[in-house]
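Numbering (this note's numbering), first residue to last: 117 to 405.
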């Protein structure tokens with residue numbers, strides 16, 4: 117079974133246009149698309165080369181990477197300029213990364229946003245290990261607005277019938293426990309988790325995070341919303357998946373994808389078994405929601 121699984125795993129990012137009300141209205145990308153993933157909102161209008169708006173983006177790009185990396189929570193937000201050329205920005209790095217990686221990721225996200233969303237006043241970049249959004253609208257005032265998201269999932273299936281249902285129950289238990297842990301972290305709103313499962317999937321791993329300016333209840337509500345909304349639609353019977361959002365995000369996999377020991381360890385579902393040889397890559401499908 118392990119050999120068949122390894123043969124079936126291939127790295128391919130399939131982008132699917134999701135015509136939902138909360139999706140940003142930009143042309144769907146075609147073909148293979150590794151990280152970073154961008155959301156470009158052309159409906160919010162454009163700026164021009166040499167404009168005050170562009171200068172304000174560049175001013176934020178000069179300070180936000182440093183501010184995020186210097187923060188204990190690896191988080192920064194700020195504004196530059198005055199209306200109608202004011203720009204608001206937010207950067208969040210994963211809680212398991214280090215300061216230098218955080219700064220480099222945020223700086224690259226600013227560069228990528230200005231290239232991939234060229235002259236759009238509103239742009240969002242999702243990458244590992246950081247997320248960036250800037251906009252001419254003050255989205256910073258609403259800490260619970262998590263609109264504009266990407267969903268990615270492993271294109272393989274766990275198995276049919278009861279085995280898939282059991283895996284879904286185990287991964288769901290871990291994802292929700294990790295969300296509880298993240299919401300309860302007063303500094304970073306970040307959590308990682310691990311749970312032993314079976315011989316085919318010896319471990320399940322998870323990660324959850326919110327921006328640290330959210331209250332604990334708002335963080336848990338944000339995570340609950342994306343877990344309950346997208347798990348039934350995309351993750352049933354899947355050995356891995358993630359939801360990227362600016363305000364909160366989560367991920368689960370059958371391989372370790374975060375740095376350091378898990379902050380949360382659930383009891384094993386079954387007695388541990390020897391781990392199979394690691395797969396080369398996972399098949400991933402993505403969609404904008």
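Every residue, glycine too, gets a C-beta built ideally from N, C-alpha and C. Keep in mind that this is a model prediction, so the values were computed, not measured.
>> Just to confirm my understanding: we take residue 188, look at its own chain, exclude 5 residues before and 5 after, and list those with CB closer than 7 Å. What are they?
In response: 303
> First and last residue of the beta strand (DSSP E) that includes residue 344?
Replying inline: Per DSSP, residue 344 belongs to no beta strand (DSSP E); it is in the alpha helix (DSSP H), 332-346.
> What number of angstroms, rounded off, separates the C-alpha of residue 180 from the C-alpha of residue 173?
Replying inline: 10 Å
> Which one of 163, 223 and 308 has the shortest CA to CA distance from residue 238?
Replying inline: 163
> At what residue ranges does the stretch 274-312 contain a whole run of the beta strand (DSSP E), taking only runs of 3 or more?
Replying inline: 306-312
> So who's on the other strand from residue 209, going by DSSP bridges?
Replying inline: 246
> Taking C-beta to C-beta, are residue 326 and residue 299 nearer than 8 Å?
Replying inline: yes
> Is residue 219 closer than 8 Å to residue 184 when the C-beta atoms are compared?
Replying inline: yes
> Are the Cβ atoms of residue 240 and residue 264 separated by less than 8 Å?
Replying inline: yes
> According to DSSP, which residues form a beta bridge with residue 326?
Replying inline: 364
> Where do the N-terminal and C-terminal ends of the alpha helix (DSSP H) with residue 228 fall, by residue?
Replying inline: 215-232
> Where do the ends of the beta strand (DSSP E) carrying residue 270 lie?
Replying inline: 266-270
> When DSSP labels each residue in this structure, what does residue 170 get in the three-state scheme?
Replying inline: helix
>> Going by beta-carbon coordinates alone, are residue 363 and residue 213 separated by less than 8 Å?
In response: no
> Going by DSSP, which residues form a beta bridge with residue 321?
Replying inline: 310 and 369
> Does DSSP classify residue 351 as helix, strand or coil?
Replying inline: helix
> In angstroms, rounded to a whole number, what distance separates the CA positions of residue 316 and residue 275?
Replying inline: 11 Å
>> Using only CA atoms, which one of 215, 170 and 207 lies nearest to residue 198?
In response: 170
> CB residue 358 to CB residue 295, shorter than 8 Å?
Replying inline: no
> By Cβ distance below 6 Å, which residues in the same chain neighbour residue 308 in space, the five residues on each side in sequence not counted?
Replying inline: 323, 374, 378 and 379
>> Which of the three DSSP states is assigned to residue 195 in this structure?
In response: strand
>> Buried or exposed for residue 243, going by 16 or more other Cβ atoms inside 10 Å?
In response: buried
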